[in-house]
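> Under my numbering, the first residue of the sequence shown is numbered 1, with each subsequent residue one higher. All C-beta atoms in this analysis are idealised placements derived from N, C-alpha and C, irrespective of residue type, glycine included. Since this is a predicted model, take the numbers as computed values, not measurements. Just passing along the structure, written as structure tokens.
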Amino acid sequence: MLYTGNLDARADAAASLVSLARDSDRYSKLIIEEDGVPPLLKLVKEGRLEGQENAALAVGLLGRDPECVEQMVLAGACSAFAKVLKEGPMKVQAMVAWAVSELAANHPKCQDAFAQHNVIRLLVGHLAFETVQEHSKYAVTSKMSIHSVVMDKKNSTGAASHPDLLDAGEHAVMRYPSGNSMSQSSKNEMHSLVQSTMAAKSNGGSGKHIAAANGGAVASKQHNASLSGTSTRGREFEDPETKAYMKANAAKALWQLAKGNAAICKSITESRALLCFAVLLEKGEGEVQYNSAMALMEICCVAEQNSDLRRSAFKPTSPAARAVVDQLLRVVEKAEYDDLLIPCIVSLGCLSRTFRATETRIIGPLVKLLDEREADVSREAAISLTKFACTDNYLHVDHSKAIIDEGGAKHLVQLVYFSEQVVQVAALTLVCYIAHNVPDSEELAQAEILTVLEWASKQSYMMQDPIIENLLPEAKIRLELYQSRGAKGYH
Numbered sequence: 001m002l003y004t005g006n007l008d009a010r011a012d013a014a015a016s017l018v019s020l021a022r023d024s025d026r027y028s029k030l031i032i033e034e035d036g037v038p039p040l041l042k043l044v045k046e047g048r049l050e051g052q053e054n055a056a057l058a059v060g061l062l063g064r065d066p067e068c069v070e071q072m073v074l075a076g077a078c079s080a081f082a083k084v085l086k087e088g089p090m091k092v093q094a095m096v097a098w099a100v101s102e103l104a105a106n107h108p109k110c111q112d113a114f115a116q117h118n119v120i121r122l123l124v125g126h127l128a129f130e131t132v133q134e135h136s137k138y139a140v141t142s143k144m145s146i147h148s149v150v151m152d153k154k155n156s157t158g159a160a161s162h163p164d165l166l167d168a169g170e171h172a173v174m175r176y177p178s179g180n181s182m183s184q185s186s187k188n189e190m191h192s193l194v195q196s197t198m199a200a201k202s203n204g205g206s207g208k209h210i211a212a213a214n215g216g217a218v219a220s221k222q223h224n225a226s227l228s229g230t231s232t233r234g235r236e237f238e239d240p241e242t243k244a245y246m247k248a249n250a251a252k253a254l255w256q257l258a259k260g261n262a263a264i265c266k267s268i269t270e271s272r273a274l275l276c277f278a279v280l281l282e283k284g285e286g287e288v289q290y291n292s293a294m295a296l297m298e299i300c301c302v303a304e305q306n307s308d309l310r311r312s313a314f315k316p317t318s319p320a321a322r323a324v325v326d327q328l329l330r331v332v333e334k335a336e337y338d339d340l341l342i343p344c345i346v347s348l349g350c351l352s353r354t355f356r357a358t359e360t361r362i363i364g365p366l367v368k369l370l371d372e373r374e375a376d377v378s379r380e381a382a383i384s385l386t387k388f389a390c391t392d393n394y395l396h397v398d399h400s401k402a403i404i405d406e407g408g409a410k411h412l413v414q415l416v417y418f419s420e421q422v423v424q425v426a427a428l429t430l431v432c433y434i435a436h437n438v439p440d441s442e443e444l445a446q447a448e449i450l451t452v453l454e455w456a457s458k459q460s461y462m463m464q465d466p467i468i469e470n471l472l473p474e475a476k477i478r479l480e481l482y483q484s485r486g487a488k489g490y491h
């Protein structure tokens, strides 16, 4: 039926396969063994709306098995999905974006195959539609980071106005691209894009108003569409629910494609996606907001381990990067226990090596979360602060002092003594780093951190952690040395 029937019959057959694939993984394997993937992919590209949606849904459900994903990629899933993302109906594009996220989540090896078929660029185009003004005009070549285009003002201006971001480990030799491949007017336009987008979104402006505010965006819509590779004709007339569903699934697909993949993260950050994620994290709702937070978290996790990505995507002069940090910090300061909080805590920790010593606005909100009633929040806050205080961070001493100044010592004592075991270990690790870095701190002496370390050294389950096993004895020795000199003042 799926091979030989008319379009209506094939749509019905695809719906039946959806039911079977949902029921059992065994049915999924049977569908693939019976060569059901090629006609499904053909229906995704060529069927009517209902048939395309059913076929894309079936492919996504079949993708729960990694072996099935590999076979679907070999059968041409990437090219079929790229074709739909470029020119299909938005409802089908949204379902295809969801299917991409499923395949990438269950079989990460397919990430690069999707990237080779321009799926990243197409997904970013959907994310940017009605999110940033005239987004298609600002396509950036693979050799040019958007951030060297966005802001090419003098370094002194960028540092003075927002001295938050710095890859401190290499700050003495950091150089910023001059962006010579674009005219000054283009760079000024991009800087204005970032500022006006965030301002308009903060004021509750819709994507349509943003596009209109830049003058000529509507008139140049078809021209811009050709530059982006994604047809926008008629998309503005889609209902809000479909638009939101499209953005949510585009963000989810980018999240799964970015996971652990430096090349794809670089491709995403060289587009206007960072700005889109910042806007959607602030003004989006439900799934689109959550998926944007998760996508940012995955990009930040990769950037933590990849200095090139960290320097290019989160450089000091990048307004888009600053917009991201502002929104991550907003969620953390709000401190509401929801699906956004932990991804934002993790993201800030991963970016710990991009902040200057003078930047204290990040440390304070994270320290406050150490006093959070929810164990997973306290644990993630401790882990993120550890990334500021660990010796891998060039500014670990400065950050350790900032944690102490924000009252971190008293919170950590409580966590080490009284919290759940998994939180105890995270808190103790942070205590060890701080004690090692600032052993002469009067606040640490007053909080009786040495007593905490002595107690912890007798807890076998704590000492089984290899990091604590290495850190605690040295931290204890350093505290004993410095505190013995001023014992009269403390005891």
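Could you tell me whether the Cβ atoms of residue 52 and residue 76 are closer together than 8 angstroms?
no
> The alpha helix (DSSP H) spanning residue 352 covers which residue range?
Run containing residue 352: none; DSSP gives neither H nor E here.
> According to the neighbour-count rule (16 or more other Cβ atoms, all chains shown, within 10 Å of its Cβ), is residue 10 buried or exposed?
That one is buried.
> According to DSSP, simplified to helix, strand and coil, what is residue 327?
helix
> With a floor of 4 residues, list each alpha helix (DSSP H) that falls wholly inside the region 45–74, ordered by position along the chain.
49–62, 66–74
> How about residue 306 and residue 251: do their beta carbons lie closer than 8 angstroms?
no
> Under 8 angstroms between the Cβ atoms of residue 422 and residue 373?
Going by C-beta atoms, residue 422 is not nearer than 8 angstroms to residue 373.
> DSSP on residue 240, reduced to helix/strand/coil?
helix
> What's the gap between the Cα of residue 65 and the Cα of residue 115?
Across the structure, residue 65 and residue 115 are spaced so that their CA atoms are roughly 21 angstroms apart.
> Classify residue 474: buried if its beta carbon has 16 or more other beta carbons within 10 angstroms, exposed otherwise.
Residue 474 should be labelled exposed.
> Under the rule that 16 or more other beta-carbon atoms within 10 Å means buried, what is residue 211, buried or exposed?
For residue 211, the predicted structure reports a pLDDT of 36, less than 50, and the residue's modelled location is therefore unreliable. A value from the coordinates is still provided. Per the 10 Å Cβ criterion, buried.
> How long is the line joining the alpha carbons of residue 28 and residue 21, rounded to whole angstroms?
Answer to the nearest angstrom: the Cα atoms are 5 angstroms apart.
> In chain order, what residues of the same chain lie with their CB nearer than 7 angstroms to the CB of residue 69, ignoring the 5 residues before and after it?
So the list reads 63, 103, 106, 107, 110, once near-sequence residues are dropped.
> Taking 8 angstroms as the CB-CB cut-off, is residue 125 touching chain B?
Looking for chain B here will not work: only one protein chain is present.
> By Cβ distance, which residues of its chain are closer than 8 angstroms to residue 61, with the 5 residues on each side in sequence left out?
18, 21, 22, 28, 102
> Taking all protein chains shown into account, do 16 or more other C-beta atoms lie within 10 angstroms of the C-beta of residue 354, making it buried, or fewer, making it exposed?
buried
> Can you tell me where the alpha helix (DSSP H) holding residue 365 begins and where it ends?
363–368
> Which two residues bound the contiguous alpha helix (DSSP H) that contains residue 396?
396–405
> Excluding sequence positions up to five away, which residues of its chain have a Cβ less than 7 angstroms from the Cβ of residue 376?
Here the set comprises 342.
> Quick test of your reading: residue 436 and residue 367, contact by CB under 8 angstroms. State the CB separation rounded to the nearest angstrom.
Rounded, the Cβ-Cβ distance is 18 angstroms, inconsistent with contact.
> Who are the Cβ neighbours of residue 59 in its own chain at under 6 angstroms, not counting the five residues just before and after it?
The beta carbon of residue 59 is closer than 6 angstroms to those of 40, 99 in its chain, skipping five residues each way along the sequence.
> Closest to residue 387 by CA distance: which of 418, 335, 350 is it?
350
> Nearest CA to the CA of residue 471: which residue from 453, 459, 482?
Closest by alpha carbon: 453.
> State the start and end residues of the unbroken alpha helix (DSSP H) segment that holds residue 338.
Looking at the DSSP string, residue 338 is not in any alpha helix (DSSP H), and its letter there is neither H nor E.
> In whole angstroms, give me the CA-to-CA distance for residue 93 and residue 390.
44 angstroms
> So what does DSSP say about residue 126, is it helix, strand or coil?
If DSSP states are grouped into helix, strand and coil, residue 126 belongs with the helices.
> How is residue 411 classed by DSSP in three states: helix, strand or coil?
Look at residue 411 here: in three-state DSSP terms it is helix.
> In its own chain, which residues sit with a C-beta less than 6 angstroms from the C-beta of residue 299, not counting the 5 before and 5 after it?
258, 265
> Pairs of beta-carbons, one from the region 117–129 and one from the region 267–278, closer than 8 angstroms: are there three or more?
By the C-beta criterion, the region 117–129 is judged to be in contact with the region 267–278, since at least 3 inter-stretch pairs fall below 8 angstroms.
> Which whole runs of the alpha helix (DSSP H) in the region 8–38 are 4 residues long or more, in chain order?
25–33
> Check whether the Cβ of residue 400 sits closer than 7 angstroms to any heavy atom of the ligand HEM, and report yes or no.
Among the ligands in the structure shown, none appear at all, so the ligand HEM cannot be discussed.
> What's the C-alpha gap between residue 44 and residue 267?
26 angstroms
> Relative to the C-alpha of residue 467, which candidate in 431, 254, 446, 441 has its C-alpha closest?
Scanning 431, 254, 446, 441 for the CA closest to the CA of residue 467 turns up 431.
> Might you give, ordered along the chain, the residues of its own chain that have their beta carbon closer than 6 angstroms to the beta carbon of residue 427, omitting 5 neighbours on each side?
382, 412, 415, 416
> So, is residue 289 buried or exposed, given that buried needs 16 or more other C-beta atoms within 10 angstroms?
Of the other Cβ atoms in all chains shown, 16 or more fall within 10 Å of the Cβ of residue 289; this residue is therefore buried.
> State the DSSP-derived secondary structure class of residue 312, mapped to helix, strand or coil.
helix
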